[in-house]
Amino acid sequence: MRFLVVLILLIAGTLARPGRFGKDWDHSQQEAKCGYESCPVAKRDMLNLHLVPHTHDDVGWLKTVDQYYYGSRTSIQRAGVQYILDSVIEALLHNPERKFIYVESAFFFKWWNEQTSELQDAVKELVQQGRLEFINGAWSMNDEAASHYQSLIDQYTWGLGLLNDTFGECGRPRAGWQIDPFGHSREQASLLAQMGYDGLFFARLDYADRAKREANKDTELIWKSSVNLDDSELFTTILYTLYQAPPGFCFDVLCSDEPFIDGPNSAENNVDARIDAFLEWVYGMAEKYRSNNLILTMGGDFTYQDAGMYFKNIDKLIKYTNARQQHGVKINAFYSTPTCYLKALHDAELTWPTKSDDFFPYASDPNTYWTGYFTSRPTSKRFERVGNHLLQVCKQLTALSPATRSSYFQNRLTVLRDAIGVMQHHDAITGTEKQHVADDYARMLHTAFEACGENTNEALRDLTKAPSDIKFESCHLLNISQCAITESKESFVVTLYNPLGHSTYQYVRLPVNGNNYVVRNSQGFELPTQMIPLPDTVFNLNSRESIANQELVFLADQIPPMGFTSFYVTEAYDSQARKDTEPLPKQEVTSIGNKYLSLYFNNNGLLNMININGESHWLQQDFLYYEGALGNNAEAKNRSSGAYIFRPNGTEKLVSASVQLRVYKGDHVQEVHQVFNDWVSQVIRVYEDEQHVEFEWLVGPIPIEDEIGKEIVTRYQSDIVSKGVFWTDANGREMIKRVRNHRDTWDLELNEPVSANYYPVTAKIALEDEYKRMAVLNDRAQGGTSLQDGVLELMLHRRLLKDDAFGVGEALNETAYGTGLIARGKHYLMFGPKASQSVAKERFLQNQVLTPAWMFLSDATDHSFGEWQSTFKTAFSVLPSSLPANVNLLTFEPWKQPFTYLVRFEHLLERSEDPLYSAPITINLEYVFSKFNIYSVRETTLGGNQWREDKSRIHFFSNSVPTAQEPVEDKSNLLIDGYQVTLGPMEIRTFVMEMSFNF
Ligand SMILES: *[C@@H]1O[C@H](CO)[C@@H](O)[C@H](O)[C@H]1NC(C)=O
Ligand SMILES: [Zn+2]
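Take the sequence shown: its position 448, counted from the start at 1, is 450 in this note's numbering, and no numbers get skipped.
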């Protein structure tokens, strides 16, 4: 047995696994001919044209998800996904030759759930026969720049899981289909490889890169997607006409190309002319590709609302093209799918070039760099990231409490899963949608927060044994220092749920009205507290409905791994304002610090020096802005800066040269409150026990009275001799080396010296020299760069007055509360001598920033401290102890049957990051889950939709290695050795575990 199945059916009644599909299923399974088996066979001596009918259905863009689904608001866009699916199924049933691929699971399952069982059976049959094929299969076609890998894995798992539940193996997509995202990350390719995909198709890459690749027939390649993982190569095809049909051959109702007119006696008969034009175009395309197979994407945005019309003409295109074979034309056209195309390339036994960096940034012409969307809509990007955080907490709590086992609560969890899946879409997290759609995404997230809030409340009430009047609520407005419970209740309980596998501590900050508070832990100890006034710029925010003018700070220590601890807070009856709330008198030299580091501010109020281990280094922080280019977009050099595009007009201005300061020092934290001008302020803080510096920036409303759009950046300047090199993360995981003004695989023509150097920073940007290193972690995705040695720059916020002409049709000019949108967020800076563990510490901090302990608040007015202490369960942990520091519990969620859980562990470091922590590490599941009774453990591929022992990817050969035999199936990692799980650097392993618990 390759995997461990310990089926001790102690509770066989509850664990019995009813087949999810009746006998019919098994029957059709035997006859199933989907996937590679269903592929038309390419002809060796001909040019094979794989015609792939498809529709690109944005999960929100110019219209909301539901407006697209139901086809409303046709004045904005004629697009109705329900009609597309209705119509496509009918057209497929009409002619068995036809094939279609469907991509977005968010739309598909909306439609599926509305169909009769007869139609569902017909669709299942189409899937079994490989005529309807799911490609990509994630909830949405995600963006690759701003999205975080935790959310990507979740949204694939969600879509792929439903496909497997509904269609079994024939519903498993073999190809990635990222045809519209604006640039491509290496991590996306790596995740696809780990999920067992055989290949990836995309369209958007730098115009110069495309030109060079087409000239050299390097349009298909083997992407080496990880420097850490085995089996991470992914075959990649760059599509030829983005994802549109060949020019002139879009037969959709949305297009106006000519149909085939083939009446033999018709005066309008155009068959010969049309086929001549088609063949000419095909020969041109064939010059750009290596094999005798070409993939032609027959579709576009929301095509196939009238599928019969499109299919009928493709039927004829195929028929009349192949008729030319009689005249010696060696072209063979047929309906195909990306899967079948991959198979044909595989069977062609060619060798392919390789690539090991990524496809960022994407420039569509010499002046048009799609680097603005790395930052566009900063508050929406943060909201999404908080959503991911809550989702992890909600999954765990829902899984851990018997009280949330019912389908009602499982469905509440689904609402948030759906929402986070939708947010990954390439017009959602990117900020490239219309304003009304952005509003709808925010509404959807809010609803999902409320839904999962029911679960967390119910689970915590159960796990804490709290009386029924106690509620566990979240304060979602802490980002503007507002929270009803802490501001209005004399006594309240703070419960911190830690979703990580490591015990942790956290500085809790709560907006309050009183002057002083007593905070007690469950042992009854009074904890030291600190009170800090809010900066005026926060206190005065229009959006606040709060009179709290200070924050109570305390250190919540020993928060157990995957568990919670709570604190009882009571307002103290001394009306005296505390001394630590007074700003310190102005001093010759302003400095703040702790035992690890000190920061010094110059006479202008700017940070300009850091002292670490007795050594001082220049470290200056400034805010600047670029003015957005304004143009008519008619030609490249007239491109405007907009939602997608970052194009500064050449000016770069300091927000302010002189800054007002207030300094506060207490036992927990020292802070400098800076005011740069009316619309930029910041708090720089150092906590007593932290080795990083926190920068909490507040930007907006960005002024536009001068009719100039502005893009605000923060710059961290040091004297690190970085020699043009810096590093940015890919979706929060592996770091990618960037070299200023340089591309690895072509000569960069530098027309846009700033925006051409911008890269996505999902989690971290860093630079270093032999001696020193500086890294900045962020709390949402942003664009970032290093324009000079030693300097890191991140874009925080943008407000622009003109559209950049890529379809949105609106300027990115966000407003709220009657003025320009204000955004607030954090950077975490680590600076220091390059030493062992410095990168490891960044990795650990990154994890803390992403999923810290979630704070729940409960009104405890009616429950005294004594009662709380004696009757509530005040601490709880699922794990017996912390996981090793470099192992992360990436996923813990309720799975398909009761008592089954999807569990993922990952190694947090890359191979070369740390001499100690990068080493492979072994954990023992029996120990980790010793509080559970484990019945079975079965490993899956990363998406959770395929058993690990069934994984077998088709292999392509690079032209750098001589053709070898197919590699032996990779079995190295199967769980063979009892409960031991070994993780190599950056490795993620996924398990379905059957277990029960009684905490
Ligand atoms: C996928 O679905 C099939 C058919 O129901 C099932 O046998 C298999 O266990 C599922 N795979 C996973 C990994 O859940
Ligand atoms: Zn799209």
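C-beta: ideal position from N, C-alpha, C; glycine also.
Item: Kindly indicate which residue of Leu344, Met533, Gly644, Leu803 has the alpha-carbon position closest to the one of Arg580.; Value: Met533
Item: Could you give the uninterrupted runs of the beta strand (DSSP E) lying entirely in the stretch 217-271, keeping only those of 3 residues or more?; Value: 222-226, 235-240
Item: My parser needs the beta strand (DSSP E) runs of 3 or more residues fully inside the stretch 833-865; what are they?; Value: 856-861
Item: Measuring only the C-alpha atoms, how far is Asn295 from Glu92?; Value: 29 Å
Item: For Thr965, is the classification buried or exposed, using 16 other Cβ atoms within 10 angstroms of its Cβ as the cut-off for buried?; Value: Note that Thr965 scores a pLDDT of 43, beneath 50, so its modelled location is shaky; the value from the coordinates is reported in the next line. Burial call: exposed.
Item: Run the proximity test for Trp114: is its beta-carbon closer than 6 Å to any non-hydrogen atom belonging to ligand 1?; Value: no
Item: Rank Cys396, Gly946, Glu869, Thr873 by C-alpha distance to the C-alpha of Phe907 and give the top, closest one.; Value: Gly946
Item: What residues does ligand 2 have around it, judged by CB closer than 5 Å to any heavy atom, in chain order?; Value: Asp60, Asp182
Item: Is it true that the CB of Pro705 sits closer than 7 Å to the CB of Phe336?; Value: no
Item: Taking the continuous alpha helix (DSSP H) assigned at Tyr312, which residues delimit it?; Value: 309-325
Item: Mapping the DSSP letters down to three states, classify Gln484 as helix, strand or coil.; Value: coil
Item: Tell me which same chain residues have a C-beta within less than 6 Å of the C-beta of Trp27, skipping the five on either side of it?; Value: Caution is warranted here: a pLDDT of 34 is assigned to Trp27, below 50, making its placement in the model unreliable, and the coordinate value is therefore given only provisionally. If we look at Trp27 and ignore the five residues flanking it on each side, it has no Cβ neighbours.
Item: So, at 7 Å on beta carbons, what are the nonlocal neighbours of Asp771 in its own chain, with the 5 sequence-adjacent residues on each side left out?; Value: Ile722, Val723, Ser724
Item: How far does the beta strand (DSSP E) with Asp367 in it extend, from its first residue to its last?; Value: 365-367
Item: Nearest CA to the CA of Lys836: which residue from Asp861, Ala768, Met797, Leu803?; Value: Ala768
Item: Drop a sphere of 10 angstroms on the beta-carbon of Phe527, count the other beta-carbons inside from all chains shown, and report buried for 16 or more, exposed for fewer.; Value: exposed
Item: Can you give the Cα-Cα distance for Asn1009 and Lys290, rounded to whole angstroms?; Value: Nothing can be reported for residue 1009, as the shown portion of the chain is limited to 3 through 1001.
Item: Per DSSP, which one or two residues make a beta bridge with Gly595?; Value: Ser600
Item: Below 8 Å, how does it come out for the stretch 414-428 and the stretch 130-142: are there three or more Cβ pairs, yes or no?; Value: yes
Item: Within 10 Å of its beta-carbon, does Thr159 have 16 or more other beta-carbons around it, so buried, or fewer, so exposed?; Value: buried
Item: Within a Cβ cutoff of 7 Å, which residues of the same chain sit near Lys332, ignoring the five residues on either side of it in sequence?; Value: Asp47, Met48, Leu49
Item: Secondary structure at Met1013, three-state DSSP: helix, strand or coil?; Value: An answer regarding residue 1013 cannot be provided, because it is not within the stretch 3 to 1001 covered by the chain.
Item: So, does the stretch 50-58 touch the stretch 227-239, judging by three or more C-beta pairs under 8 Å?; Value: no
Item: Starting from Glu92, trace the alpha helix (DSSP H) both ways and give me its first and last residue.; Value: 83-96
Item: Cutting at 6 Å between CB atoms, please list the residues of its own chain near Tyr598, excluding the five before and the five after it.; Value: Gln693
Item: Compare the beta carbon distance of Ile297 and Phe958 with 7 Å and say whether it is the shorter of the two.; Value: no
Item: Would you check if there are 3 or more beta carbon pairs closer than 8 Å linking the stretch 864-875 to the stretch 553-571?; Value: yes
Item: Confirm the yes/no value for this check: CB of Trp897, any heavy atom of ligand 1, distance under 6 Å.; Value: no
Item: Is it the case that the Cβ atoms of Tyr285 and Ile86 are separated by a distance below 7 Å?; Value: no
Item: Is Thr373 close to ligand 1? I mean its beta-carbon at under 6 Å from any heavy atom of the ligand.; Value: no
Item: My parser needs the beta strand (DSSP E) runs of 3 or more residues fully inside the stretch 715-783; what are they?; Value: 727-731, 737-741, 761-763, 766-770, 774-780
Item: Tell me the rounded alpha-carbon separation between Asn144 and Val273.; Value: 40 Å
Item: What's the gap between the Cα of Thr118 and the Cα of Phe111?; Value: 13 Å
Item: Would you please state the rounded distance, in angstroms, between the beta carbons of Phe894 and Lys397? I believe it to be under 8 Å.; Value: 7 Å
Item: For Lys667, which of helix, strand or coil comes out of DSSP?; Value: strand
Item: Cβ of Trp160 within 6 Å of any heavy atom in ligand 1?; Value: no
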